[in-house]
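One line per chain: the protein sequences are A and B, in this order. Note that the working numbering has the first sequence beginning at 223, numbered continuously upward. Note that the working numbering has the second sequence beginning at 223, numbered continuously upward. The beta carbon of each residue, even a glycine, is placed where N, CA and C say it ideally should be. All remarks here apply to the structure that follows.
2 protein chains.
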Amino acid sequence: MNNDSSSRIVARLKDRISTSAPGSRLPSTRSLVNEFQASPVTVQKALQTLTMQGLIESRPGVGTFVRAVRTARPSDYGWQSAALGSPRAVLPTTSSTMRSVSNEAISFHSGYPDRELLPERLVQAALARAARGDAALSRPPVAGLPELQSWFARELGAVTPAGINPPTPSDVIVLPGSQSGLSSIFSALVGRGQPLLIESPTYWGAILAARNAGVRLVPVPSGPDGPDPAELARAFEETGARMFYAQPHFANPTGAQWSPERGSQVLDVVRDHGAFLVEDDWAHDFGITTTPAPIAARDDSGHVIYLRSLTKSVSPAIRIAAVIARGPARERILADRGAETMYVSGVLQAAALDVVTQPGWQTHLRNLRHQLQTRRDLLIGSIREHAPLAHIESVPKGGLNLWLRLPDGTNLERLTNECESAGVIIAAGNEWFPAEPTGPFVRLNYSGANPGAYPQGARVLGQALTQNHR
Amino acid sequence: MNNDSSSRIVARLKDRISTSAPGSRLPSTRSLVNEFQASPVTVQKALQTLTMQGLIESRPGVGTFVRAVRTARPSDYGWQSAALGSPRAVLPTTSSTMRSVSNEAISFHSGYPDRELLPERLVQAALARAARGDAALSRPPVAGLPELQSWFARELGAVTPAGINPPTPSDVIVLPGSQSGLSSIFSALVGRGQPLLIESPTYWGAILAARNAGVRLVPVPSGPDGPDPAELARAFEETGARMFYAQPHFANPTGAQWSPERGSQVLDVVRDHGAFLVEDDWAHDFGITTTPAPIAARDDSGHVIYLRSLTKSVSPAIRIAAVIARGPARERILADRGAETMYVSGVLQAAALDVVTQPGWQTHLRNLRHQLQTRRDLLIGSIREHAPLAHIESVPKGGLNLWLRLPDGTNLERLTNECESAGVIIAAGNEWFPAEPTGPFVRLNYSGANPGAYPQGARVLGQALTQNHR
């Protein structure tokens with residue numbers, strides 16, 4: 223037996239294995255004996271070595287094969303840090319509101335309505351129809367299916383007062399969710415390093431999109447009635463910003479609803495500063511005691527960029543939204559969308575249009591309104607009874623969230639951990655602040671699973687709060 | 223009759239109309255007479271004025287209504303130009319390859335396979351099943367449906383040689399189309415103003431995504447065998463770039479297929495420069511006489527970022543692709559995807575997985591291979607016979623495109639216009655060059671509708687070329 227000879231065979235076979243697919247068969251021992259002009263024992267020894275190294279496996283009576291499952295060796299991707307340099311911003315890969323948790327938990331954290339609040343049958347029927355239709359195998363235009371563009375334009379046009387030009391279908395760009403719209407608006411219209419005025423607190427997804435676009439966030443405090451117009455004007459003047467992002471209807475997280483007068487005042491300030499108002503009408507379908515009247519309907523001068531999403535009200539799987547904008551701003555958003563995704567799946571667009579044009583959709587929205595009211599009131603009652611230390615800033619007239627101010631000095635991390643260990647998942651308010659949080663807040667979403675558990679959830683929160691302030 | 227009184231009524235009603243929804247009813251003439259203390263004739267005159275101004279309409283016997291369709295007045299969005307400043311780059315909203323043209327035209331321009339090349343029944347059945355399943359009403363994780371991540375990882379793992387760690391499902395990020403992946407890779411890993419090496423010519427969508435991300439494009443010439451490794455090394459050294467974007471298999475537009483040796487050489491150069499290779503395997507399912515062997519399978523050190531799309535082979539409506547990457551690079555891409563779209567529709571992911579795991583998918587791919595071969599050969603034969611002035615640079619072993627070098631001095635604009643007026647749509651090659659085109663080229667796509675018309679299309683091209691060089 224020649225050790226050198228065996229090593230030589232090992233080396234040659236390793237070369238061969240390195241370019242072979244896993245599972246491919248090695249020549250028989252007999253062929254290898256011939257090929258390498260070595261003894262069967264030497265060949266066997268080489269094969270044993272390769273087997274021990276995890277590179278091949280023999281199946282008795284069948285043959286010897288390149289191993290499919292290889293022994294993992296530790297990888298070091300350190301070189302990438304040098305190649306990539308510092309990240310542009312420390313970005314969370316996801317928010318706590320996107321967490322999936324056990325079904326047994328009482329979930330107040332999620333931002334997405336529970337399945338029982340979705341128009342399940344309409345969605346399934348619409349997707350089934352879309353599957354049979356042309357949309358399943360064709361490619362729609364970059365700006366969207368013309369019929370869906372028309373639907374979005376008509377919805378806003380229906381509340382446009384006389385004397386104002388209603389939007390046309392060509393003002394509409396269909397989006398694969400409003401998050402994509404935020405990204406495009408911030409990167410195509412504001413740009414890296416430039417200031418963006420943003421309500422504080424506000425939707426964490428908007429903060430995330432803005433940070434990812436590298437814009438400079440300038441918080442504008444916003445209470446239950448919306449931002450103070452004088453404060454907004456000062457912020458425009460001090461920063462030279464040309465855009466203000468806001469949720470005038472059932473703002474996430476505060477539930478704030480601007481009065482029509484406040485809307486007009488803000489629009490005037492925006493116009494006076496030659497700026498844009500990004501009106502994120504995320505909860506258009508979630509009115510409880512009022513219905514949102516978009517500010518965009520009162521503007522035909524291109525100052526309002528209107529975002530309308532169907533994702534949360536139709537289905538998270540039908541990820542469809544629209545941006546309505548006019549003038550060069552619309553062209554720049556469209557160019558960014560084209561470069562980013564080229565077009566939005568026609569199946570999703572067709573299914574979304576199908577759902578919202580069914581008579582059952584209006585029935586669904588009416589039922590939804592009642593369900594949200596019941597859930598909201600049950601949660602408020604539970605908090606007032608079982609967690610009196612939590613202050614309800616205002617009773618939201620719509621939307622999905624209750625915003626609670628906690629006593630000064632509350633340790634939010636400890637509180638959320640204590641609640642979680644008792645099976646209640648709440649979202650600390652910090653994520654909704656573009657800068658430092660202005661106090662200890664939590665957001666409770668009342669559209670999750672199992673509203674019957676709200677009293678129990680409130681009890682757990684109340685106990686954790688009491689312990690926190692003992 | 224008092225003219226002043228009529229004007230006063232007009233003014234008051236205009237105020238009221240400006241805050242009314244279109245279609246809402248005005249009070250009766252009788253009520254207005256009472257309200258304004260005016261004569262019926264004066265009120266009628268005021269209503270006529272408003273009718274002529276297009277603000278109201280009367281429906282005899284029904285009433286008077288705020289007009290739904292208002293006379294458009296010209297809008298001036300000039301203020302936006304001041305607010306927006308210069309665009310980051312002059313971006314086309316779309317490529318000529320995305321144009322929709324009349325069904326009668328002979329289309330060589332589109333980048334998307336004709337419906338007859340798609341697995342129509344598999345797609346419809348998959349979407350119908352997805353419509354009934356959980357995916358229709360739920361939200362998948364940011365990185366994708368775990369089963370689909372596994373499928374993409376297994377596909378690449380199956381050709382990973384022994385001794386290399388195959389990718390794991392958690393290395394996979396599911397994308398809403400590979401264009402989104404390109405955008406994220408260029409903006410999260412290269413960044414504004416930084417150099418990116420890119421094959422020339424190459425896919426216009428990659429050029430578009432890179433320009434939109436603001437990266438600095440550095441063209442690396444690439445022929446039928448891929449780029450010259452020495453040239454690539456020089457480009458890395460001269461620019462300090464840390465990334466090279468390429469399509470090693472059936473490159474769009476040239477059809478180039480790198481040999482395994484060329485792949486290894488390029489990978490060595492990339493590794494030597496501590497850089498990334500973005501391997502865009504766009505035509506993985508479109509092999510004709512060979513099957514792509516991804517370079518990514520030979521790398522487990524995080525140097526290759528692998529893009530694999532299903533959009534073109536499954537259906538343009540099932541806009542699903544994946545990026546497979548390891549290390550910090552993968553985390554940065556994921557963070558950018560999270561900020562950009564949060565997640566990809568579960569219906570599309572479930573349907574895509576359904577299609578590619580059906581036994582019929584393999585049958586479809588085999589048939590597709592034959593159809594592409596027939597179409598390619600028919601087109602090549604037609605060009606050789608009827609347009610001999612067009613030089614076929616190389617016969618593609620896969621993909622969807624034939625790349626033709628035209629005689630020096632060809633006026634591409636005149637040529638494409640002449641062909642179009644004769645009903646033949648071709649794409650001028652200029653769009654595929656990241657810098658100046660290196661000559662007059664056209665790209666003919668052989669996956670469009672009506673391959674029977676190829677001889678006629680070639681005849682039209684041949685005549686236009688002859689006229690161009692008479």
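Those residues which DSSP pairs with Q479 (chain A) across a bridge: Residue 479 (chain A) sits at position 257 when you count from the first residue of the first sequence. BP columns for Q479 (chain A) point to A:H471.
Pick from A:G620, A:N672, A:V682 and A:P662 that is closest to A644 (chain A), judged by C-alpha positions: Counting from 1 along the first sequence, the entry for residue 644 (chain A) is found at position 422. Comparing Cα-Cα distances from A644 (chain A) to each of A:G620, A:N672, A:V682 and A:P662, the minimum goes to A:V682.
Assigned exposure category for N181 (chain B) - 16 Cβ within 10 Å defines buried: Because chain B in this structure spans residues 223 to 692, residue 181 (chain B) falls outside the shown range and cannot be described.
8 Å Cβ cutoff, I407 (chain A) in contact with chain B: By one-based count along the first sequence, residue 407 (chain A) stands at place 185. Not an interface residue.
Residues that N639 (chain A) bridges to, as DSSP identifies them: Translated into positions along the first sequence, residue 639 (chain A) becomes position 417. N639 (chain A) pairs with nothing; no bridge assigned.
D522 (chain B) at chain A interface by Cβ criterion, 8 Å: Start at 1 with the first residue of the second sequence, and residue 522 (chain B) comes out as number 300. Yes, D522 (chain B) lies at the interface with chain A (some Cβ there is under 8 Å from its Cβ).
Chain B residues whose Cβ lies nearer than 7 Å to that of V437 (chain A): Translated into the one-based positions of the first sequence, residue 437 (chain A) becomes position 215. Near V437 (chain A) there are no residues of chain B at all, since even the closest Cβ is about 12 Å away, more than 7 Å.
N667 (chain A), buried or exposed, once every other Cβ within 10 Å from all chains shown has been counted against 16: Stepping through the first sequence from its first residue, residue 667 (chain A) is reached at position 445. Buried is the call here.
CB contact flag (V265 (chain A), T251 (chain A), <8 Å): On the first sequence, residue 265 (chain A) is found 43 positions in, with the first residue counted as 1. On the first sequence, residue 251 (chain A) is found 29 positions in, with the first residue counted as 1. For V265 (chain A) and T251 (chain A), yes; Cβs fall inside 8 Å.
M223 (chain A) at chain B interface by Cβ criterion, 8 Å: Reading the first sequence from its first residue, position 1 is the one you call residue 223 (chain A). In this prediction, M223 (chain A) scores a pLDDT of 45, lower than 50, which makes its location untrustworthy; no coordinate-derived value is stated.
Cβ-based neighbour list, R484 (chain A), same chain, cut-off 7 Å, excluding 5 preceding and 5 following: Stepping through the first sequence from its first residue, residue 484 (chain A) is reached at position 262. The answer, listed in chain order, is D447 and G448.
Supposed contact pair L306 (chain A) and L418 (chain B) - C-beta distance, whole angstroms, cut 8 Å: Locating residue 418 (chain B) in the second sequence gives position 196, where the first residue counts as 1. Locating residue 306 (chain A) in the first sequence gives position 84, where the first residue counts as 1. No, L418 (chain B) and L306 (chain A) are not in contact; Cβ-Cβ is about 13 Å, not under 8 Å.
Proximity below 8 Å, CB of A551 (chain B) to CB of G568 (chain B): Within the second sequence, residue 551 (chain B) is the residue found at index 329, counting from 1. Within the second sequence, residue 568 (chain B) is the residue found at index 346, counting from 1. No, Cβ-Cβ distance for A551 (chain B) and G568 (chain B) is not below 8 Å.
Short CB-CB distance (under 8 Å) between A671 (chain B) and chain A: Mapped onto the second sequence, residue 671 (chain B) falls at position 449. No, its Cβ sits nowhere closer than 8 Å to a Cβ of chain A.
Closer than 9 Å at the beta carbon, the chain A residues around F258 (chain B): Within the second sequence, residue 258 (chain B) is the residue found at index 36, counting from 1. Ordered by position in chain A, no residue passes the 9 Å Cβ test against F258 (chain B), which lies about 19 Å from the chain.
Reduced DSSP secondary structure (H/G/I, E/B, other) of L666 (chain B): Within the second sequence, numbered from 1, the residue matching residue 666 (chain B) stands at position 444. Reduced to three states, the DSSP call for L666 (chain B) is strand.
C-beta neighbour in chain B for E326 (chain A), strict 8 Å: Indexing the first sequence from 1 puts residue 326 (chain A) at position 104. False, the Cβ-Cβ gap to chain B never drops below 8 Å.
Check whether Q487 (chain A) and P451 (chain A) have beta carbons under 8 Å apart: Working through the first sequence from its first residue, we reach residue 487 (chain A) at position 265. Working through the first sequence from its first residue, we reach residue 451 (chain A) at position 229. Contact flag set, yes.
Environment of D356 (chain A) [buried if 16+ CB atoms lie within 10 Å]: Counted from its first residue, the first sequence places residue 356 (chain A) at position 134. That one is exposed.
Contact set between the stretch 267-283 of chain B and chain A, restricted to residues whose Cβ is under 7 Å from the partner: L277
Contact between the stretch 574-588 of chain B and the stretch 573-587 of chain A (3+ Cβ pairs under 8 Å): no
Close-in-space but distant-in-sequence residues of the same chain around E279 (chain A) (CB under 8 Å, 5 per side omitted): Mapped onto the first sequence, residue 279 (chain A) falls at position 57. Hits under 8 Å: T273, T286, F287 and R289.
N- and C-terminal bounds of the alpha helix (DSSP H) containing T286 (chain B): Locating residue 286 (chain B) in the second sequence gives position 64, where the first residue counts as 1. Taken as a continuous stretch (DSSP letters only), T286 (chain B) belongs to no alpha helix (DSSP H), being part of the beta strand (DSSP E) at G285 to V288.
Partners in chain A for T585 (chain B), counting only beta-carbon separations shorter than 7 Å: Within the second sequence, the letter at position 363 stands for residue 585 (chain B). Ordered by position in chain A, no residue passes the 7 Å Cβ test against T585 (chain B), which lies about 18 Å from the chain.
Beta-bridge partners of L397 (chain B), as assigned by DSSP: Counting from one through the second sequence, the residue named residue 397 (chain B) turns up at place 175. Bridge partners of L397 (chain B): B:A543.
Stretch pair the stretch 674-689 of chain A + the stretch 324-339 of chain A: three plus CB contacts closer than 8 Å: yes
Test item: CB-CB of W654 (chain B) and R665 (chain B) under 8 Å: Looking up residue 654 (chain B) in the second sequence gives position 432. Looking up residue 665 (chain B) in the second sequence gives position 443. Contact flag set, yes.
Within-8 Å CB hit, G509 (chain B) to chain A: As a first step, residue 509 (chain B) must be located in the second sequence, where it is residue number 287. Judged by the 8 Å Cβ criterion, G509 (chain B) is not in contact with chain A.
Reference A431 (chain B); option with closest CA among B:D522, B:A649, B:F408 and B:A547: If you number the second sequence from 1, residue 431 (chain B) lands on position 209. Closest by alpha carbon: B:F408.
Proximal residues of chain B, C-beta to C-beta of Q593 (chain A) below 7 Å: Mapped onto the first sequence, residue 593 (chain A) falls at position 371. Simply none; closest approach about 16 Å.
Rounded C-alpha distance that separates E501 (chain B) from L370 (chain B): Within the second sequence, residue 501 (chain B) is the residue found at index 279, counting from 1. Within the second sequence, residue 370 (chain B) is the residue found at index 148, counting from 1. Between E501 (chain B) and L370 (chain B), the C-alpha separation is close to 20 Å.
For N672 (chain A), three-class secondary structure by DSSP: Walking along the first sequence from the start, residue 672 (chain A) turns up at place 450. Here N672 (chain A) sits in coil by DSSP.
Contacting residues, own chain, Cβ-Cβ under 8 Å from M223 (chain A) (five flanking each side not counted): In the first sequence, residue 223 (chain A) corresponds to position 1, counting from 1. Only weak support is given to the placement of M223 (chain A): the predicted model assigns it a pLDDT of 45, under 50, and the value that follows is read from those uncertain coordinates. If we look at M223 (chain A) and ignore the five residues flanking it on each side, its Cβ neighbours are S261, V263, T264 and K267.
Uninterrupted alpha helix (DSSP H) stretches inside the stretch 537-620 of chain A (no shorter than 4 residues): 550-562, 568-579 and 581-608
Beta-carbon neighbours of V345 (chain B), restricted to chain A and to distances below 7 Å: Here the question's residue 345 (chain B) lines up with position 123 in the second sequence. By Cβ distance, chain A contributes A358 and L359.
Same chain, Cβ closer than 6 Å to P443 (chain B), neighbours up to 5 away in sequence not counted: The residue labelled residue 443 (chain B) in the question sits at position 221 within the second sequence. Hits under 6 Å: S422.
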